[in-house]
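Comments concern the structure below.
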Amino acid sequence: MLRLVRSGNETFCRTENQCYRQVAALLAGPREATALVETVDRLAAAFPEQVAGGGLDSVRDRLIARQHEMHAGAGLDAAIGGATAACEEGLIRIERLLLPDLPEHAADVVAEGARKTLRRARKALDRAGSRGEAEDFHDLRKAAKTHSIHLSLLGRLWPTPIKVRRKAVDELGEELGELHDVFVMRVLLEADGEPLGDAQDTRLLGKLLKRSEKSLKKSCLAGSAELFGDSPKRSTKKLARNARDDLAGAVLSEEVPVG
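Position in the sequence shown (first residue = 1) + 36 = the working numbering.
This is the structure:
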């Protein structure tokens, strides 16, 4: 939501965004530990013949132990408590957010916020297609998640059928999330630390990660091109018009005397 209205109050939105970044950082470790276990399970489901006979069992056992260590003690409860408190404080602060109230100005703010996210998605898509680096797909994932939230907030104001688009964006976000987890697992596998399992299992893990990465990249690029291939300016021009008309209608309704 902050990204959608940021141009209407840059200082407030920038400060709040930094607060929520810190909230996300509190939960990043436990979330990653769980996601890595889920990644192994997805690999086992996608390549049943290759993992027949427990081909990734030692890796999964190691990751489960790592997850339990991450979730043990008071650390996780403290992180969840800190994140919850920060979000509750944010809900109180949002009451102080001041935005333009004239319909034409408010509509421009909303359209600009949606347009910036679409531009970020388009730029990330271009980089992911040409370079294919993990950070490019990570940026694409963040833009897709933000766009999904914008669609839920804008509802009928979005110029194309929203249910179909939102479903496609959410499915893309899921795939980009799976690809992100594959990238994280590969970094962990190649790190100079404690092995993730016995040598045979980690070799198999590396091969399956490469196959999964190739497939997910292809699918994510295709889905992103469908959603973000059009001009952001063209997509949001009608949005601004719809928002302007909707807000102007609301103002008129308030001004018309009853009886």
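Idealized CB from N, CA, C, for every residue including glycine. Predicted model only: the values in this text are computed from it and were never measured.
Could you tell me whether the region 54-62 touches the region 121-130, using the rule of 3 or more Cβ pairs below 8 Å?
A contact is defined here as three or more CB-CB pairs under 8 Å, and the region 54-62 meets this definition with respect to the region 121-130.
State buried or exposed for residue 200, treating a residue as buried only when at least 16 other CB atoms are found within 10 Å of its CB.
Position 164 of the sequence shown, counting from 1, holds the residue named residue 200. Exposed, by the Cβ-count rule.
Does residue 45 come out as helix, strand or coil in the three-state DSSP assignment?
Locating residue 45 in the sequence shown gives position 9, where the first residue counts as 1. DSSP, reduced to helix, strand and coil, places residue 45 outside both helices and strands of the structure shown, so it counts as coil.
Assigned exposure category for residue 129 - 16 Cβ within 10 Å defines buried:
In the sequence shown, residue 129 corresponds to position 93, counting from 1. Exposed, by the Cβ-count rule.
Can you grab the Cα-Cα spacing for the pair residue 296 / residue 64, in whole Å?
Because residue 296 is not part of the residues shown, which for the chain are 37 to 295, the question remains open.
Rounded to the nearest angstrom, how far is the Cβ of residue 179 from that of residue 160, given a contact under 8 Å?
Taking the first residue of the sequence shown as 1, we reach residue 179 at position 143. Taking the first residue of the sequence shown as 1, we reach residue 160 at position 124. Sure, about 6 Å apart at Cβ, within 8 Å.
In whole angstroms, give me the CA-to-CA distance for residue 61 and residue 116.
Here residue 61 refers to the residue found at position 25 when the sequence shown is read from its first residue. Here residue 116 refers to the residue found at position 80 when the sequence shown is read from its first residue. Roughly 11 Å between the two C-alpha positions.
Does residue 83 come out as helix, strand or coil in the three-state DSSP assignment?
For the purposes of this step, residue 83 is taken as the residue at position 47 of the sequence shown. DSSP places residue 83 in coil when its eight states are reduced to three.
Alpha helix (DSSP H) segment containing residue 147, residue limits
Taking the first residue of the sequence shown as 1, we reach residue 147 at position 111. Counting along the chain, the alpha helix (DSSP H) containing residue 147 begins and ends at 139-166.
Reducing DSSP to helix, strand and coil, say where residue 99 ends up.
As a position in the sequence shown, residue 99 is number 63, starting the count at 1. In the structure shown, residue 99 adopts helical secondary structure according to DSSP, grouped into three states.
Backbone CA spacing between residue 98 and residue 275 [nearest angstrom]
Counting from 1 along the sequence shown, the entry for residue 98 is found at position 62. Counting from 1 along the sequence shown, the entry for residue 275 is found at position 239. Rounded to whole angstroms, residue 98 to residue 275 spans 50 Å at the Cα level.
Return the chain-ordered list of same chain residues with a C-beta closer than 6 Å to the C-beta of residue 272, the five sequence neighbours on each side being excluded.
Counting from 1 along the sequence shown, the entry for residue 272 is found at position 236. Excluding residues up to 5 positions away in sequence, 147, 150, 151 lie with their Cβ nearer than 6 Å to the Cβ of residue 272 in the same chain.
Suppose the cutoff is 7 Å on Cβ atoms and the five residues either side in sequence are ignored; what does the same chain contact list for residue 222 look like?
The residue given as residue 222 occupies position 186 in the sequence shown. Only 245 meet the Cβ criterion.
Unbroken alpha helix (DSSP H) run spanning residue 202, endpoints
Numbered from 1 along the sequence shown, position 166 holds the residue referred to as residue 202. 198-226 is the extent of the alpha helix (DSSP H) around residue 202.
Compare the C-alpha of residue 47 against each of 135, 78, 104, 257 and name the closest.
Here residue 47 refers to the residue found at position 11 when the sequence shown is read from its first residue. Cα-wise, what sits closest to residue 47 is 135.
For the alpha helix (DSSP H) holding residue 263, just list the boundary residues, first then last.
Here residue 263 corresponds to residue number 227 of the sequence shown, with the count starting at 1. Its alpha helix (DSSP H) spans residues 235-264.
Should residue 92 and residue 217 be called a contact, given that it needs their Cβ atoms to be closer than 8 Å?
What you label residue 92 is simply residue 56 of the sequence shown in a count that begins at 1. What you label residue 217 is simply residue 181 of the sequence shown in a count that begins at 1. No. Outside cutoff.
Whether residue 173 touches residue 215 by CB criterion (8 Å):
Translated into the one-based positions of the sequence shown, residue 173 becomes position 137. Translated into the one-based positions of the sequence shown, residue 215 becomes position 179. Inclusion of residue 173 and residue 215 in the CB contact set at 8 Å is warranted, their separation being smaller than that value.
Span separating the alpha-carbon of residue 59 from that of residue 90:
Indexing the sequence shown from 1 puts residue 59 at position 23. Indexing the sequence shown from 1 puts residue 90 at position 54. Each residue's alpha carbon lies about 38 Å from the other.
Run the CB neighbour count on residue 249, radius 10 Å, all protein chains shown included, and call it buried at 16 or more, exposed below.
Position 213 of the sequence shown holds residue 249. Buried is the call here.
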